[in-house]
Amino acid sequence: MRKKSIHWMKYIALASVLLLVLSGCAKDAGNAATTGSTSNANGQPGAPGGDLTFALATSPDTLDPHRSGLAVAVRVIRTIYDSLVVQLPDNSIKPWLATEWSISPDGKSYTFKLRKDVVFQDGTPFNAEAVKFNYDRIINPETKAGNALALLRPYKSSEVLDEYTIRLNLETPSTAFLGNLSQALLGIVSPTAAKKYGDDFGKHPVGTGPFTFVKWNENADIQVAKSSNYRWAPELVDNKGQAYLDTITFKIAPEEATRIGSVQSGQVLAAETVPPQNVLSLKNDPKTQLLQVNTVGLPYTLFFNQRRAPWNEVKARQAVQYGLDVDAIVKTLYLGTYPRAWSALTPGIFGYDASLENGIKQDIPKANKLLDELGWVKGADGIREKDGKKLTLHYVDGSPNREKRNDIAVMVQQQLKQIGVAVEVEITKDTATVVYKNGAHDLYGNSQVNSDPDALRNFYHTQDPNATKLTIAGAADPELDKLLEQGTVEQDPAKRADIYKKVQRNLSDNAVIIPIYVFPYTIAASKTVKGLKFDSLGYPLFNDVTIQK
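Put into structure tokens, the structure is as follows:
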């Protein structure tokens, strides 16, 4: 790497500080999964080959990384696609498909040298033209990109300098940009396959990753097989060549009891998202191992839709804030296995404001006083009314009941009765239409795995009139916008951290959101599964996995 990039690299490593417990847990979990002898006399991995069956909690939306909006999809996507760079648990950024890079003095251009030995799974050469195709594809409105578009911001254009050298140009400097390039949703897709399949590419995915897509049986399973030519894995894993496993079959198992029971009975070898009530029993089961890593980014949060009255009024939102006992919700549903969230960010991420912890607690008298001041009067049925209308809150949540989120809705409904708010709960499989297209929600819960607080901008900045989907919160606060814009470009780590603390306090003080829990990603696996590791965001990596016979 050329010297002029060193200053920026030092800063980016600081600016993308991840949850310390994440790297610790990820390392421990990886070690736990690799305990025992998995090598033969020649030092080669034991029991190579075989099929790993891995139960997913929900079905991916698509296997097109540029269009996906679900964390569950990334479990599969990461097996098929590689990225230009990789972020290690110590937060440093290292080569992957790119061998080196330099950053212009103004921070608005990144020049990457690429590996020359990489080939897509369909035989298409990996080169600078392929990288340009990918990033231009993401910003093309016709692609209808999902979270990838926010991660790639503020990418503007790219120039192919030679077959294996590309320059990426940004609208403004971005301290999050290089780290974002390491994320799976900015994985590099085959230009040939993307052009061939068009809108159906998500069902025919092709990348350069350690596994090749085989089939997807809708709502049943997805299968990938090892790529025979693979030899360019990142530093996160020990095995730089082709995977030891022959195949991975991702079973889609929304029912918690079915998913965990299938591990205990041996029907599958691993299953994700262990329910709180099963954690202790699995820890004590001699046949299973429990692997856990805390996710980092935005915790599970309830977002008010400020486009709809009366939730466009801060006092109405604060009344709900004080009307809820979030401690009771988290303790009741998660039995001490999920930490409560207090902020728009998870603990440990760069800029997290710990001073918000233990701040806002349930205060029924204060909640009632705020609603009284707004003129909402309790009727005979206990529900408040104003101008002939009842005070109702339309709470939207998705199906199936991921992480007991539907149960949160029920508890919110029960608790808000105390202050005279009628909560109407709508459970739908089509949150994309209800929330992001129509904005037909008053309250909606979501979370996002991310490595940098710049992720807040996509949720809370005033809506771009050209955006293809609505923001959840519908916020329109010039002060907040200014802070979010400053956070993207600020180069001084201390100043940048202070900016994001101000953002979090703004969101808390104005009751824009109600943070609920931080999600610990857990996997229950047979003890025959060895070598399962996690990346810096908590996603599983299968390059080193073997099955001990």
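Going letter by letter, the sequence shown gives residues -26 to -1, 1 to 523 in mature numbering (1 follows the signal peptide of the UniProt record, and there is no 0).
Using N, Cα and C, we set each Cβ at its ideal position, and we do this for glycine too.
The structure presented is a predicted model; accordingly, all values stated were derived computationally and were not measured.
Residues of its chain near residue i, where Cβ-Cβ distance is below 8 Å and the 5 sequence neighbours each way are ignored
i    : result
N203 : V93 and Q216
G512 : L(-5), A(-1), V267, N268, T269, V270, V423 and Y495
P184 : T53, K200, S201, Y204, A207, Q216, A217, F516 and N517
A471 : F324 and G325
Q387 : Y369, V397 and V399
D80  : P147
Q144 : Here residue 144 turns out to be Leu, not Gln, going by the sequence shown. Same-chain partners within the cutoff: G81, K82, S83, Y84, P128, Y129, K130 and F151.
L330 : W316, S317, Q478, R479 and S482
N5   : Annotation note: pLDDT 33 at N5 (below 50); position unreliable, coordinate value reported separately. Cβ neighbours of N5 beyond the five flanking positions: none.
N193 : S33 and I226
N332 : W316
D91  : R205 and W206
Neighbourhood of residue i by C-beta, 7 Å cutoff - its chain only, sequence neighbours within 5 removed
i    : result
V370 : E400, T402, T405, V408, V409, H415 and Y418
H435 : D455 and L458
G24  : L219, D220 and I521
I112 : H40, A119, A122, L123 and L126
G17  : For G17, the predicted structure reports a pLDDT of 38, less than 50, and the residue's modelled location is therefore unreliable. The matter cannot be settled from this model.
Q392 : G297 and I338
N108 : I162 and V163
A115 : The residue asked about is misnamed: residue 115 is Pro in this sequence, not Ala. Counting only Cβ-Cβ distances below 7 Å, and skipping sequence neighbours, we find T442.
K189 : Q197
W285 : F278, N279, R291 and D416
A3   : Reliability of the predicted coordinates at A3 is poor, the pLDDT of 35 falling under 50, and the value obtained from them is presented with this limitation in mind. Only L265, Q266, V267 and F508 meet the Cβ criterion.
Min CB distance residue i to chain C below 8 Å
i    : result
A199 : Chain labels in this structure do not include chain C; a single protein chain is all it has.
Nonlocal neighbours in the same chain, by C-beta distance under 6 Å from residue i, ignoring five residues either side
i    : result
N252 : I234
T98  : S164 and T166
K352 : R358 and G394
V432 : Here the sequence assigns Asn to residue 432, which means Val is not the residue at that position. Closer than 6 Å at the Cβ level, and outside the excluded window around N432, lie A124.
A341 : A293, Y296, G297 and I393
Check whether residue i and residue j have beta carbons under 8 Å apart
i    : j    : result
L26  : V519 : yes
I357 : L365 : yes
L142 : S57  : no
G297 : I338 : yes
D35  : A47  : yes
L210 : K523 : no
S510 : L160 : no
F278 : R291 : yes
I162 : A102 : no
N484 : V237 : no
V38  : G172 : Rather than Val, the amino acid found at residue 38 in this sequence is Asp. Result no, Cβ atoms of D38 and G172 do not sit closer than 8 Å.
G448 : G413 : yes
Y55  : P273 : no
T186 : Q95  : yes
T247 : E137 : no
A31  : P228 : yes
D381 : L307 : yes
P514 : R49  : yes
Q389 : D301 : no
K106 : V134 : yes
A72  : K87  : yes
I67  : S132 : no
Beta-bridge partners of residue i, as assigned by DSSP
i    : result
E74  : K87
D25  : T221
L515 : K507
K68  : V60
G199 : In the sequence as presented, Gly is not what sits at residue 199; that position holds Ala. The partner list for A199 (beta bridge, DSSP) reads T186 and T221.
I234 : According to DSSP, which records beta bridges pairwise, I234 is partnered with nothing at all.
A227 : Per DSSP, none; premise fails for A227.
G310 : G310 is not bridged to any residue.
F277 : Y418 and I487
V267 : Y495
Inter-residue CB distance, residue i and residue j (contact presumed, cutoff 8 Å)
i           : j    : result
T146        : P128 : 5 Å
Q437        : L430 : About 15 Å; that fails the 8 Å criterion.
F224        : I196 : 4 Å
L256        : L264 : 5 Å
K261        : S500 : 7 Å
L275        : I487 : Checking the sequence shown, residue 275 turns out to be Thr, not Leu. Contact holds; Cβ gap of about 5 Å.
S317        : Q478 : 5 Å
V60         : W70  : 5 Å
residue 526 : S425 : Since the first and last residues shown for the chain are -26 and 523, residue 526 lies out of range.
L345        : A283 : Rounded, the Cβ-Cβ distance is 14 Å, inconsistent with contact.
A245        : I497 : 7 Å
D327        : K469 : Between K469 and D327 the Cβ distance is about 15 Å, and since that is not below 8 Å, they are no contact.
M385        : I446 : Their Cβ separation, rounded to whole angstroms, is 20 Å, which puts M385 and I446 out of contact at 8 Å.
Length at least 4, wholly inside the segment 325 to 403: the alpha helix (DSSP H) runs in chain order = Counting only runs of 4+ residues, the alpha helix (DSSP H) found wholly inside the segment 325 to 403 occupies 338 to 347 and 379 to 390, in chain order.
Could you pull out every unbroken beta strand (DSSP E) segment of at least 3 residues lying fully inside the segment 449 to 510, listed in chain order?
-> The segment 449 to 510 is shown to contain whole beta strand (DSSP E) runs of 3 or more residues at 487 to 491 and 494 to 500, in chain order.
For the segment 123 to 189, list the beta strand (DSSP E) runs that are entirely contained and at least 3 residues long, ordered along the chain.
-> Listed in chain order, they are 129 to 136 and 139 to 144.
Whole alpha helix (DSSP H) runs in the segment 400 to 444 with 4 or more residues, listed along the chain?
-> Counting only runs that start and end inside the segment 400 to 444, the alpha helix (DSSP H) elements of at least 4 residues fall at 430 to 434.
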